[in-house]
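Participant: For the sequence shown, the working numbering begins at 218 and goes up steadily by one. Below is the structure I would like to discuss, written out as structure tokens.
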Amino acid sequence: MGSQMYAVVVSYGRGRQYRSVTEADIEAARRAQEVYDQNVDSWLVEGFLPGQEYPTSTSDPRPWQYGMTHWYKMFSPRQALVLATCVKHLRQLKYEIRSRVGRDRADAIITYLSLVLDKCADYNSQMTRWEATRLKIANTFDRHDFAFKPSHGEFDGARQLLPWAIEQVVDAYKGIARLFPSEWKIPGDSETDGAPRQVFLEERSPVADHIRITQGNAADLTSVPDGSVHLICTDPPYYDNVMYGELSDFFYVWQRLVLDDIYPDWFRDELVPKAEEAVANPARFVREGQRRSRELARRDYEAKMQAAFREAYRVLHPRGVFTLMFTHKSVEAWDALASALIEAGFEITASWPVHTESDKSLHQAKKNAVRSTVLLVCRKREETDGEGVWFDDILAELRETARAKALEFHEQGMRGVDLMIAAFGPALQVVSRRWPVRNSDGSLLRPEQALDEVRREVTSLRLRQLLKGRDSRFDPETQFVVLAWDQYQAVEFPYDEARKLALSVGVDVESLKRDRALLQSRQDAVRLLTPAERRRIREQVLDPAAETFSSTIDAIHTAVFVHQQEGPLALDRFVRRTGVLSDPAFLLAVETLLHVIPQTKATEAHFDPLYAMAQSALQAHVNLPQRHMFEEEEGLTTDDEEAGVL
């Protein structure tokens, strides 16, 4: 696609300033382009650039769509020049390092330098962006995908990038070194007598003697004896939220250029091996068709998680504790995880939701993750006679538990989908404690059936809370829109979640799409439509000449459309003719929507027209929120990046 330099950011001490692009800047970029064009073919042959193709079968095809067909094409010519130079000299340095410190220690140093190389790539690609609010470059993976950036930030690769990346890795190494008793000198530590410092407090040093670190598949712990572990703590893969292996390819291809002779078994493949990875990735089953591939991906994830949990069950002491954390909006994900956990023989004995994610993190924005992590505490379930209980027998306890916990968590400040997910853990406690639980036909209960009951209880409770005790009932379609905004805080959310929410309020999601034009499908997600979009798709649904409307949300959207198209006078005539000002449900729904729709760049097309309509005609009747507009959500980083070129 090419690019054009837009601005230069210059560091002055701890400050930053922008300046215009000069002819010298453009000439420097042109010269870098020439060097790149002259050398790129030889660099690929010599192994200074990663020449592997970006996979064609992947969950994220965007790099292909934007011409990034190979890994080295994810970098501008000048960025690729910087990285190729780093690889070239690092490979030359390997021999000098080995001659000075010996093979084993040299290999460790080279490994850390490969992490420096990865840091450089992560912060200097065509997918890095300039954080204007913090005056820093955000790394390639400020969110968990290969999101294309129409404008990218370029780190000063000639002077600042490599020293900064080295400093970052050295600082991390110091932190690791301080965890263990050692006579080694830590780089950068000041000494008065030249003698090595003891970097670990003496009374703590025995702890390190008992630490053993191993790497392997969690489904195969053959080196660990049965019942020997008192605590297992795990943060399992989050279903389909993060494709760890696919993202790791970005780093793997650069490390392979430097480390393939040191770790030949690790870098035998062109890209990261992904067959044993426990994620729900439909791209691995794409030949089976889209609907079938999703089901196969779910089964694959559940089977791999169950194999890991069974090994955990085997090695756990009879009185041991197994804790795991999970963060996902989808009931489908919770169903797969809970099924694997319960079938492996565990009982959930406690659960706590903990606020762990930044509200503005791009890792969370428009993703299936939530801001809270649910910690599940599990123990080995006591053996039963195998008959179990009927689902109908525990339904009352399940509903009461969901209501009580939702109220408790709401008082603690939880809102939206976090409130819903927080109630999942206590509900699963009820199911796992009484397992096996059977349906009326004798089949085993799927956890998602219990979680659907939780959803119905919490949505009903939440709607009553939103109405603040005021006596008004919303029709099902209006309930759906209000609760969708309240729970997901986003224009777009997963289709399956929309389907389950629709069922909980008594409507069909396909009807909301096809007949009512409230939603639009986008792959495996749905998007809430604006009044103008609904009018274009179904004119009869939003008819400004109508006297009555089939739902309150239709009346609200028609009023918004009239105000947008014809202005305040037409809106005044509309509200007088239809009498909506005397309808408590209309006024209450407008007020509620204005308080549950988040005021962000992503939602301004929904919030702004509604606010303008209410301000024009209803401000004497509804409680308008304070109006403000956040900037687009920014990813948060902990690194102190230096300035570069935008």
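Each residue gets a CB set at the ideal place from its N, CA and C atoms; glycine is no exception.
Does the stretch 337-348 come into contact with the stretch 309-323, if we say contact requires no fewer than three beta-carbon pairs (one atom in each stretch) closer than 8 Å?
Facilitator: Output reads no: the stretch 309-323 does not touch the stretch 337-348.
Participant: Mark Thr-775 as exposed unless 16 or more other C-beta atoms lie within 10 angstroms of its C-beta, in which case mark it buried.
Facilitator: Along the sequence shown, one-based indexing puts residue 775 at 558. Buried, since its Cβ has 16 or more Cβ neighbours within 10 Å.
Participant: Who are the Cβ neighbours of Tyr-469 in its own chain at under 6 Å, not counting the five residues just before and after it?
Facilitator: Sequence index remark: in the sequence shown, residue 469 carries index 252 (1-based). For Tyr-469, where only same-chain residues beyond five positions count, the Cβ hits under 6 Å are Val-489.
Participant: Closer than 7 Å by C-beta to Asp-242: which residues in its own chain qualify, once you throw out the five before and the five after it? Chain order, please.
Facilitator: Numbered from 1 along the sequence shown, position 25 holds the residue referred to as residue 242. Only Met-222, Val-225 meet the Cβ criterion.
Participant: Could you tell me how far apart the beta carbons of Trp-702 and Val-813 are, in whole angstroms, since I believe they sit closer than 8 Å?
Facilitator: Position 485 of the sequence shown, counting from 1, holds the residue named residue 702. Position 596 of the sequence shown, counting from 1, holds the residue named residue 813. Confirmed, about 4 Å.
Participant: Drop a sphere of 10 angstroms on the beta-carbon of Glu-564, count the other beta-carbons inside from all chains shown, and report buried for 16 or more, exposed for fewer.
Facilitator: Position 347 of the sequence shown, counted from the first residue, corresponds to residue 564. Under this definition Glu-564 is a buried residue.
Participant: Where does Ala-742 sit, in a helix, a strand or coil, going by DSSP?
Facilitator: Locating residue 742 in the sequence shown gives position 525, where the first residue counts as 1. It is a strand residue.
Participant: Should Ile-773 and Val-807 be called a contact, given that it needs their Cβ atoms to be closer than 7 Å?
Facilitator: By one-based count along the sequence shown, residue 773 stands at place 556. By one-based count along the sequence shown, residue 807 stands at place 590. A contact, by the Cβ cut-off of 7 Å.
Participant: Leaving out five residues on either side along the sequence, give the residues of the same chain with a beta carbon under 8 Å from the beta carbon of Glu-384.
Facilitator: Position 167 of the sequence shown holds residue 384. Closer than 8 Å at the Cβ level, and outside the excluded window around Glu-384, lies no residue.
Participant: Examine the Cβ distances between the stretch 729-742 and the stretch 707-717 and report whether three or more of them are shorter than 8 Å.
Facilitator: Yes, the stretch 729-742 is in contact with the stretch 707-717.
Participant: Near Val-698, which residues of its chain fall below 6 Å by C-beta distance, leaving aside the five closest residues on each side in sequence?
Facilitator: Here the question's residue 698 lines up with position 481 in the sequence shown. The answer, listed in chain order, is Ile-770.
Participant: Given this structure, state the Cα-to-Cα distance separating Ile-354 from Val-333, to the nearest angstrom.
Facilitator: Position 137 of the sequence shown holds residue 354. Position 116 of the sequence shown holds residue 333. Whole-angstrom Cα-Cα distance: 17 Å.
Participant: Tell me where the alpha helix (DSSP H) around His-447 begins and ends.
Facilitator: For the purposes of this step, residue 447 is taken as residue 230 along the sequence shown, with counting starting at 1. His-447 -> not in any alpha helix (DSSP H); beta strand (DSSP E) instead, spanning 446-451.
Participant: Nearest by alpha-carbon distance to Asp-558: which of Thr-590, Thr-544, Ala-623, Cys-595 is it?
Facilitator: Taking the sequence shown and counting its residues from 1, one reaches residue 558 at position 341. The sequence as given places Leu at residue 558; Asp does not occur at that position. The candidate whose alpha carbon is nearest that of Leu-558 is Cys-595.
Participant: Which residue comes first and which comes last in the beta strand (DSSP E) that contains Met-344?
Facilitator: As a working mapping, residue 344 is identified with position 127 in the sequence shown. Looking at the DSSP string, Met-344 is not in any beta strand (DSSP E), and its letter there is neither H nor E.
Participant: State yes or no: is the C-beta of Val-654 nearer than 6 Å to some heavy atom of the ligand ADP?
Facilitator: For the ligand ADP, the structure offers nothing, since it holds no ligand at all.
Participant: For Asp-324 and Ile-479, which I take to be in contact (beta-carbon distance under 8 Å), what is that distance rounded to the nearest angstrom?
Facilitator: The sequence position of residue 324 within the sequence shown is 107, counting from 1. The sequence position of residue 479 within the sequence shown is 262, counting from 1. With a Cβ gap of about 5 Å, Asp-324 and Ile-479 count as contacting.
Participant: Could you give the first and the last residue of the continuous beta strand (DSSP E) run that contains Arg-233?
Facilitator: Reading the sequence shown from its first residue, position 16 is the one you call residue 233. Here the beta strand (DSSP E) through Arg-233 covers 232-236.
Participant: What span of residues does the alpha helix (DSSP H) with Gly-462 cover, start to end?
Facilitator: Along the sequence shown, read from residue 1 onward, the residue named residue 462 stands at position 245. That run of the alpha helix (DSSP H) goes 461-476.
Participant: Quick test of your reading: His-178 and Thr-345, contact by CB under 8 Å. State the CB separation rounded to the nearest angstrom.
Facilitator: Because the chain here runs from 218 to 863, residue 178 falls outside it and cannot be looked at.
Participant: Measure the Cβ-Cβ separation of Phe-292 and Ser-342 and say whether it is below 7 Å.
Facilitator: On the sequence shown, position 75 is the one that residue 292 refers to. On the sequence shown, position 125 is the one that residue 342 refers to. Result yes, Cβ atoms of Phe-292 and Ser-342 sit closer than 7 Å.
Participant: Per DSSP, Gln-871 is paired with what?
Facilitator: Since the first residue shown for the chain is 218 and the last is 863, residue 871 is missing from the structure and cannot be characterised.
Participant: Please check the pair His-838 and Leu-798, which I expect to be a contact at CB under 8 Å, by giving their CB distance rounded to whole angstroms.
Facilitator: On the sequence shown, position 621 is the one that residue 838 refers to. On the sequence shown, position 581 is the one that residue 798 refers to. Sure, about 6 Å apart at Cβ, within 8 Å.
Participant: From this set, Arg-753, Lys-717, Arg-752, Leu-759, which residue's C-alpha is nearest Val-743's C-alpha?
Facilitator: As a position in the sequence shown, residue 743 is number 526, starting the count at 1. Among Arg-753, Lys-717, Arg-752, Leu-759, the Cα nearest to that of Val-743 belongs to Lys-717.
Participant: Using the Cβ count rule (16 or more neighbours within 10 Å means buried), how would you classify Lys-546?
Facilitator: Position 329 of the sequence shown, counted from the first residue, corresponds to residue 546. Buried: at least 16 other Cβ atoms inside 10 Å.
Participant: Starting from Ala-355, follow its DSSP beta bridges and name the residues at the other end.
Facilitator: In the sequence shown, counting from the first residue as 1, residue 355 sits at position 138. In the DSSP output, where bridge partners are listed per residue, Ala-355 has Arg-346.
Participant: Since Val-777 and Pro-761 should fall inside the 8 Å C-beta cutoff, what is the C-beta to C-beta distance between them, to a whole number of angstroms?
Facilitator: As a working note, residue 777 is residue 560 in the sequence shown. As a working note, residue 761 is residue 544 in the sequence shown. In fact, because the Cβ distance is near 11 Å, the residues do not count as touching under 8 Å.
Participant: Using C-beta distances below 6 Å, list every residue in its chain close to Leu-418, excluding the 5 sequence neighbours before and after it, in chain order.
Facilitator: As a position in the sequence shown, residue 418 is number 201, starting the count at 1. Legend: pLDDT at Leu-418 = 37, less than 50; position of this residue unreliable, no value from coordinates given.
Participant: Give the straight-line distance between the Cα atoms of Ser-647 and Tyr-455, rounded to the nearest whole angstrom.
Facilitator: Within the sequence shown, residue 647 is the residue found at index 430, counting from 1. Within the sequence shown, residue 455 is the residue found at index 238, counting from 1. Note on residue identity: the sequence assigns Val, not Ser, to residue 647. Between Val-647 and Tyr-455, the C-alpha separation is close to 23 Å.
Participant: Count the other CB atoms, across all protein chains shown, that sit within 10 Å of the CB of Pro-442; report buried if there are 16 or more and exposed otherwise.
Facilitator: On the sequence shown, residue 442 is found 225 positions in, with the first residue counted as 1. It is exposed - the Cβ of Pro-442 has fewer than 16 other Cβ atoms within 10 Å.
Participant: Skipping 5 residues on each side, what residues in its chain have a beta carbon closer than 7 Å to that of Ser-768?
Facilitator: Working through the sequence shown from its first residue, we reach residue 768 at position 551. Taken in chain order, the residues that qualify are Asp-692, Glu-694, Thr-695.
Participant: Name the DSSP beta bridge partners of Ser-568, please?
Facilitator: On the sequence shown, position 351 is the one that residue 568 refers to. According to DSSP, Ser-568 bridges with Leu-593.
Participant: Measure the alpha-carbon distance for Arg-844 versus Leu-746 and round it to whole angstroms.
Facilitator: For this step, residue 844 is matched to residue 627 along the sequence shown. For this step, residue 746 is matched to residue 529 along the sequence shown. Rounded to whole angstroms, Arg-844 to Leu-746 spans 22 Å at the Cα level.
Participant: Can you list, in chain order, the residues of its chain whose CB lies under 7 Å from that of Ala-831, leaving out five sequence neighbours each side?
Facilitator: Working through the sequence shown from its first residue, we reach residue 831 at position 614. Excluding residues within five positions, the ones whose Cβ falls inside 7 Å are Val-807, Leu-811, Val-839, Leu-841.
Participant: Taking Arg-248 as the reference, give the member of Arg-322, Tyr-271, Leu-298 with the closest Cα.
Facilitator: In the sequence shown, residue 248 corresponds to position 31, counting from 1. The residue with the shortest Cα to Cα distance from Arg-248 is Leu-298.
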